[in-house]
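Mapping of the sequence shown onto full-length UniProt numbering: position 76 corresponds to residue 76, and the numbering continues sequentially without gaps.
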Amino acid sequence: MNEKPPPYNPAMGPPPPGPPPPYQPMPPPPPPTQIGFIGATPGASTTIITTQQPSYGSIPVVVQPVQGADVIVVGGCPACRVGVLSEDFTLAGLCCAFWFFPIGILCCLAMRERRCSNCGACFS
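As structure tokens, this is what we get:
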């Protein structure tokens, strides 16, 4: 148990080799060659004509303007379109929930009644 732990810096091996040898320079590119056309006179300028890419047809898009924005209120009254519907549990639904618990709760939820806060109309 009196052994010392190994050193944190491992023993250095032989020194790394020197810098890499210099690279050979690339040979110069060959001079451009003249391309001759049949019937072309030497020293005359050549005109290059470019064209647009072909169009393969377009699809007409018809945008119809919006005719007055209708605002639809979620939970709004379908009769007067002013009030908001509130949900109430019916007496029969509450009795079913009490007497036939746990299945009675489903009956209670199915027997809800919606009443308009403005005109008082009932929807089931």
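In this text, a Cβ means the ideal position worked out from N, Cα and C, and glycines have one as well.
Since I believe ARG112 is in contact with PHE89 (beta carbons under 8 Å), could you give me their beta-carbon distance rounded to a whole number of angstroms? For this step, residue 89 is matched to residue 89 along the sequence shown. For this step, residue 112 is matched to residue 112 along the sequence shown. At roughly 6 Å, the Cβ-Cβ gap stays under 8 Å, so PHE89 and ARG112 are in contact.
Could you spell out where the beta strand (DSSP E) holding residue 126 opens and where it closes? Nothing can be reported for residue 126: it is not among the residues displayed for the chain, which extend from 1 to 124.
Please state the DSSP three-state secondary structure of PHE123. In the sequence shown, counting from the first residue as 1, residue 123 sits at position 123. Shown here, PHE123 sits in a strand according to DSSP, grouped into three states.
With burial defined as no fewer than 16 other Cβ atoms inside 10 Å of the residue's Cβ, what is the status of ALA97: buried or exposed? In the sequence shown, the residue the question calls residue 97 occupies position 97. Under this definition ALA97 is a buried residue.
If we ignore side chains and look at the alpha-carbon of each, how far apart do TYR8 and PRO17 end up? Reading the sequence shown from its first residue, position 8 is the one you call residue 8. Reading the sequence shown from its first residue, position 17 is the one you call residue 17. Approximately 24 Å between the Cα atoms of the pair.
Less than 8 Å between the C-beta atoms of ALA121 and ALA79, yes or no? In the sequence shown, residue 121 corresponds to position 121, counting from 1. In the sequence shown, residue 79 corresponds to position 79, counting from 1. For ALA121 and ALA79, yes; Cβs fall inside 8 Å.
Can you list, in chain order, the residues of its chain whose CB lies under 6 Å from that of GLU87, leaving out five sequence neighbours each side? Here residue 87 corresponds to residue number 87 of the sequence shown, with the count starting at 1. Here the set comprises ARG112, ARG114.
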